[in-house]
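Take the position in the sequence shown, starting the count at 1, then add 4; the result is the number in this note's numbering.
Cβ coordinates follow ideal geometry from the N, Cα and C atoms, glycine included.
Owing to the predicted nature of the structure, the values given are computational and were not obtained by experimental measurement.
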Amino acid sequence: MLSDKLKQAIRQAYKAIGENLPNFNPRKQQTFLIAEIAKTLAGDYDKARKIITIEAGTGTGKSLAYSLGSIPIGLSRQKKVCISTATVALQEQLVDKDLPFLKKHSGLNFKFTLVKGRQRYVCRQKLSHAVTTDDPQAGFTFAEKPKASDIKTLNKMFKALNDGSWSGDIDSWPESVHHNIWQQIQSDKHSCLRHLSEHTHCPFHKARDTMDESDVLVINHSLLLADLDLGGGVILPSPEDTYYIIDEAHHLPKVTRDFASASVTVKGAIDWLGKLRETGDKIAKLIKSQRAIAPSISLADDCQDLLVELQKVHTFIENNQSVYFHSEGVYRFENGILPKTLKTWSADISELSKKALGHINKLYAQLMESVKDGDTQMYLAEPLLAEAGFMISRLENFAALWQMFDKTDSEKGAPLARWIEKLEGKRQDYLLSASPIEVGFTLEDKLWSQCEGAVLCSATIMALNSFDHFRFQAGLKTNDGSQYQQVSSPFDYINKARLVIPKMRYEPSADQFTDEVITKLPALLKQGNASLVLFSSYWQMDKVATALRDKHKLDIQVQGEQSRQHIIDLHKKRCDKEQTSIIFGTQSFSEGLDLPGKYLTNLIITKLPFSVPTSPVEEAQAEYITAKGGNPFMSISVPETSKKLIQASGRLLRNEKDEGIITLMDRRVVSKRYGKQLLDSLPPFKRIVE
């Protein structure tokens with residue numbers, strides 16, 4: 005239960021924040037959120053299930069609300085608070101602005117840090133090896149030979165790391181580093197180990213020290229999933245000792261699904277399996293131990309057997325090209341069911357890859373032991389440990405794919421999506437992929453049922469005014485003790501913004517629709533100085549931009565022609581000079597784009613953001629819903645479109661004083677039965693239907 009002492013601490017902190025924020029007005033939405041979050045995490049609603057899902061409209065101040073609702077409880081109960089976001093922009097805002105302000109002015113004494121994945125940090129030992137060896141190729145086991153400019157960069161990095169002017173993470177390095185080069189010097193879990201004296205001072209381990217001392221950790225969804233995938237509590241604190249704040253929670257199901265999928269190229273795997281055999285031989289030779297002979301011979305045998313099986317798979321796909329790729333380069337197995345021969349080989353490959361993993365892991369452990377005992381010198385073992393680690397990661401992904409191909413789907417749940425893609429390039433290859441369709445059970449099993457408490461929040465978590473769609477995706481249930489709250493925005497929508505549905509002769513399905521958009525846009529663009537026009541497809545955006553530039557000589561910034569940041573900076577400069585500025589963007593510009601006040605007064609949405617199920621996973625999901633007698637359009641497409649439309653329209657009003665006009669050129673919101681649901685789920689703008 006939330007004690008009086010804690011309630012008082014939270015009230016005091018909120019009051020102190022208010023006294024230090026200029027023009028601060030206590031918002032009832034914000035105080036309500038703080039109270040609901042605190043009561044949920046303290047177990048007032050349910051002692052066993054301390055989970056709350058919140059949709060908090062723009063301007064409710066949710067980052068302050070969840071920080072104040074969770075940090076005092078975390079401190080009082082010696083639990084960590086993990087704030088997970090989907091975007092770098094929000095992470096930076098929390099670490100550079102929100103949390104420092106809270107710490108300085110709230111009277112709460114807490115430490116916070118940004119936690120990144122291991123691969124974002126340089127390994128001091130690998131970097132040292134790369135710059136001090138006579139042979140620049142040494143240590144660069146798989147990369148192409150580094151260029152002179154790369155060697156120069158590495159030397160600059162080494163110097164900066166040693167003189168303390170660089171902390172060792174790639175994000176704070178001022179120049180871009182070629183992926184191939186970074187891959188060779190980044191920290192990895194197989195060779196950059198803390199208990200080896202050479203690695204004690206590696207940036208990753210220093211960062212982890214900061215994490216252990218911190219009360220609040222800022223992470224991203226991918227890192228959270230990586231930790232859960234390892235069983236929880238491996239990279240991050242254990243779930244039972246953590247309150248998770250999942251901001252931008254609407255992204256979590258997709259990130260979870262991506263994390264649970266696997267892909268393997270057939271010829272690519274044939275290539276590296278040959279190298280895996282060599283890695284085993286090299287380890288056995290280096291440690292000169294009789295014990296290493298058996299696993300290295302077994303590994304060589306496994307690799308040979310795997311190559312034989314993969315060759316069968318390759319021949320099978322080659323022989324069935326006319327069946328699989330007669331019209332396009334992707335073939336999805338209907339209902340996830342594989343042909344019998346492919347299923348049999350999958351079982352064999354899955355078994356063999358498990359055995360190979362066992363043998364390479366054994367060799368790796370023996371090499372580590374040999375280094376610890378002083379029988380093998382570290383500088384000789386280092387490149388091999390990194391090479392073995394690289395191979396183990398590849399083999400783990402390889403084993404995961406074949407396990408998913410081999411798995412017999414349960415009749416109770418959704419089948420896995422399984423597909424083949426033909427890759428054209430320097431040489432033709434085939435990409436085999438598998439992914440779960442639904443991931444709710446994974447989140448329930450690994451996160452919700454394990455954690456001390458969780459707050460899931462977003463400005464757009466509901467679809468069609470209901471939590472049902474998200475609840476299903478995220479593995480939450482109506483009656484499991486979880487709490488749900490919708491907190492509307494404090495903005496005066498009805499007086500500050502108009503939503504106009506103009507007269508249109510054509511609907512988006514008609515061929516003439518794009519030409520009508522071209523005709524109507526020039527007049528609509530005169531409604532405000534600062535315009536953002538959102539499109540559902542790149543080709544349509546490009547066609548409209550070309551026509552308007554040619555016929556009307558309009559100066560338009562188009563997404564993709566310059567970096568996002570460049571477009572925003574130039575747009576703001578023009579607005580500051582009271583010049584007209586027009587941005588054309590697609591879906592990614594309808595989320596996370598913050599253009600307050602005069603920087604956006606005229607928002608035009610050309611078409612409802614329906615996405616056709618084009619990916620094999622989406623197609624498999626639609627197929628599964630249909631098989632169960634459902635309607636995938638109404639159960640997936642419409643709710644997803646509702647969320648995207650709310651996000652898109654949310655670009656207009658960012659502050660309480662903002663005002664402007666939204667024009668939606670898609671008449672389906674008034675002509676189709678589902679249109680009313682979409683309109684009613686939007687904020688209460690003043691509506692004008694022409």
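- Only exposed fits Asn-483, as fewer than 16 other CB atoms lie within 10 angstroms of its CB.
- In the structure shown, Lys-84 falls within a strand segment according to DSSP collapsed to helix, strand and coil.
- Of the residues assessed, Glu-386 falls on the buried side of the cut-off, its CB having 16 or more other CB atoms within 10 angstroms.
- When DSSP states are grouped into helix, strand and coil, Gly-78 belongs to the helix group.
- Distance from the Cα of Asn-365 is smallest, within the candidate group Val-317, Leu-158, Leu-280, for Leu-280.
- Contact between the region 281–296 and the region 502–519 is absent, with fewer than three C-beta pairs closer than 8 Å.
- DSSP lists no beta-bridge partner residue for Val-92.
- For Gly-333, there is no enclosing beta strand (DSSP E), as DSSP gives it neither H nor E.
- Of Cys-307, Val-491, Arg-475, the smallest CA-CA separation from Gly-485 is found for Arg-475.
- Distances from the alpha-carbon of Asp-472 to those of Glu-425, Val-642, Tyr-368 put Val-642 closest.
- Separation of Asp-413 and Pro-419 (C-alpha to C-alpha, rounded to the nearest whole angstrom) is 5 Å.
- With a threshold of 16 other beta carbon atoms within 10 Å, Ile-58 meets it and is buried.
- Three or more beta-carbon pairs drawn from the region 598–613 and the region 657–666 are found closer than 8 Å, and the two stretches are therefore classed as touching.
- When C-alpha distances from Lys-581 are compared across Ala-534, Phe-588, Gln-591, Leu-538, the shortest belongs to Ala-534.
- A residue is called buried once 16 or more other Cβ atoms fall within 10 Å of its Cβ, and Ser-685 is buried on that count.
- If the five residues before and after Asp-154 are omitted, its C-beta is found closer than 6 Å to the C-beta atoms of Ile-185, all from its own chain and listed in chain order.
- Within the DSSP secondary-structure output, Asn-606 pairs in a beta bridge with Ser-535, Ile-665.
- Taking 8 Å as the cut-off, the Cβ atoms of Lys-555 and Cys-579 do not count as close.
- At a Cβ-Cβ threshold of 8 Å, Leu-599 and Leu-528 do not count as neighbours.
- Sixteen is the threshold: since fewer than 16 other Cβ atoms of the shown chains lie within 10 Å of the Cβ of His-330, the residue is exposed.
- Bridge partners of Glu-59 according to DSSP: Ser-462, Gln-490.
- The C-beta separation of Gln-561 from Ile-522 comes to about 18 Å, leaving the pair out of contact by the 8 Å criterion.
- Residue nearest to Met-545 within the set Lys-557, Leu-6, Lys-347, Leu-525 is Leu-525 (criterion: CA-CA distance).
- Pairing Ser-470 with Asp-231, the inter-Cα distance amounts to about 30 Å.
- Taking C-beta separations shorter than 6 Å and ignoring five residues to either side along the sequence, the partners of Leu-227 in its chain run Gly-121, following chain order.
- The region 107–119 makes contact with the region 66–78: 3 or more CB pairs, one atom from each, lie closer than 8 Å.
- Within the region 221–272, the runs of beta strand (DSSP E) at least 3 residues long that lie entirely inside it are, in chain order, 246–251, 266–269.
- Ranking Thr-260, Glu-627, Leu-468 by CA distance to the CA of Val-443 puts Thr-260 first.
- Closest by C-alpha distance to Leu-314, out of Val-334, Lys-344, Gly-272, Ile-301, is Gly-272.
- For Trp-423, the number of other beta carbons within 10 angstroms of its own is at least 16, and it is reported as buried.
- CA-to-CA, the gap between Lys-286 and Leu-649 works out to about 57 Å.
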